[in-house]
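Numbering (the working numbering), first residue to last: -10 to 258. C-beta: ideal position from N, C-alpha, C; glycine also. Notes follow the structure.
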Ligand SMILES: NC(=O)c1ccc[n+]([C@@H]2O[C@H](COP(=O)([O-])OP(=O)(O)OC[C@H]3O[C@@H](n4cnc5c(N)ncnc54)[C@H](OP(=O)(O)O)[C@@H]3O)[C@@H](O)[C@H]2O)c1
Ligand SMILES: *[C@@H]1O[C@H](CO)[C@@H](O)[C@H](O)[C@H]1NC(C)=O
């Protein structure tokens, strides 16, 4: 199948109602994160049909990603949006800054046209509630861990009601990384469902997220796996599969570096 047709979702609070492809290519790599490797992986991803990339300065992938896009433009794989490059703007916020100060500065960036959309990550219902008490622009996206062993049921309902799109990170439980585990990939229930459909556990996870109505960021620098991760749109899970997944014991897989902050998750499960 051609993978270039990844369904899109509308970012309503974006300055121009931009569309966002539902699957993003993640670039958080602990090993094989050399610039040339990342660049080659991103060029391959563009060839495979990815048009949405997730990066962060702490991943060290921003430069390689930019170079890969430039190369893809030169190769004619993608067309330029023909926008004049904006000056580099970075907003340095920390966990300890008042949220309102950071958010209002981010809104200013969108109003000035420096960015099309703004969003948040790891926000609980409580933090979103705080944000919405003063925000004049709704966050387009809240990026949080979500996968078959961490359903985020309450947060998903809250975000749906407010029109905030969830992007699931660690959709495969970040197998093989220092922040994740094999909890998702090794789930017997998921293995059984995968076998019945002739799919992989990874594809079951991504299809489940799609059927939950959320977007997702998945990382693979392997050519076959990055393709496999896009092949989720021409089949579906059954009601029975959903019931089985509903019963999977829930744990937050990615605890990351913030586990030491008291009640960082506001007691929400
Ligand atoms: N906002 C945040 O705080 C935050 C936090 C975490 C992650 N993220 C973003 O979300 C992206 C995805 O999350 P993640 O990297 O933590 O975890 P993930 O996508 O759940 O898992 C990545 C791991 O799974 C392997 N993998 C990928 N496809 C596979 C497949 N089809 N079969 C078997 N194994 C497969 C990858 O190895 P190979 O590369 O060898 O295939 C890699 O080790 C990140 O890269 C990052 O961009 C954001
Ligand atoms: C979100 O939380 C995870 C832990 O679950 C952590 O690894 C990640 O760095 C956090 N991301 C941001 C942007 O704070």
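CB-CB length for residue i against residue j, believed under 8 Å
| i | j | result |
| --- | --- | --- |
| residue 173 | residue 187 | 19 Å between Cβ atoms; not a contact. |
| residue 136 | residue 242 | 7 Å |
| residue 156 | residue 13 | 7 Å |
| residue 220 | residue 192 | 7 Å |
| residue 197 | residue 154 | Wrong, their Cβ atoms sit about 17 Å apart, outside the cutoff. |
| residue 128 | residue 108 | 5 Å |
| residue 171 | residue 180 | Wrong, their Cβ atoms sit about 12 Å apart, outside the cutoff. |
Under 8 Å between C-beta atoms of residue i and residue j
| i | j | result |
| --- | --- | --- |
| residue 225 | residue 200 | yes |
| residue 202 | residue 1 | no |
| residue 176 | residue 169 | no |
| residue 218 | residue 209 | yes |
| residue 105 | residue 8 | no |
| residue 48 | residue 16 | yes |
| residue 249 | residue -4 | no |
| residue 42 | residue 31 | yes |
| residue 126 | residue 99 | yes |
| residue 116 | residue 255 | yes |
| residue 24 | residue 61 | no |
| residue 36 | residue 56 | no |
Cross-strand partners of residue i (DSSP beta bridge)
| i | result |
| --- | --- |
| residue 205 | 12 and 157 |
| residue 42 | 14 |
| residue 134 | 158 |
| residue 109 | 131 |
| residue 139 | 136 |
| residue -1 | 8 |
Residue i: CB within 7 Å of a non-hydrogen atom of ligand 1
| i | result |
| --- | --- |
| residue 180 | no |
| residue 201 | no |
| residue 219 | no |
| residue 109 | no |
| residue 127 | no |
| residue 161 | yes |
| residue 189 | yes |
| residue 39 | no |
Residue i CB to nearest heavy atom of ligand 2 below 7 Å
| i | result |
| --- | --- |
| residue 136 | no |
| residue 256 | no |
| residue 92 | no |
| residue 169 | no |
| residue 165 | no |
Decide yes or no for the touch test of the region 102 to 113 against the region 126 to 137: beta carbon pairs closer than 8 Å, at least 3 of them. yes
Measuring CB atoms only, is the region 85 to 98 touching the region 60 to 68, in the sense that at least three cross pairs come out at less than 8 Å? no
Touch check for the region 239 to 253 and the region 138 to 149: three-plus C-beta pairs under 8 Å? yes
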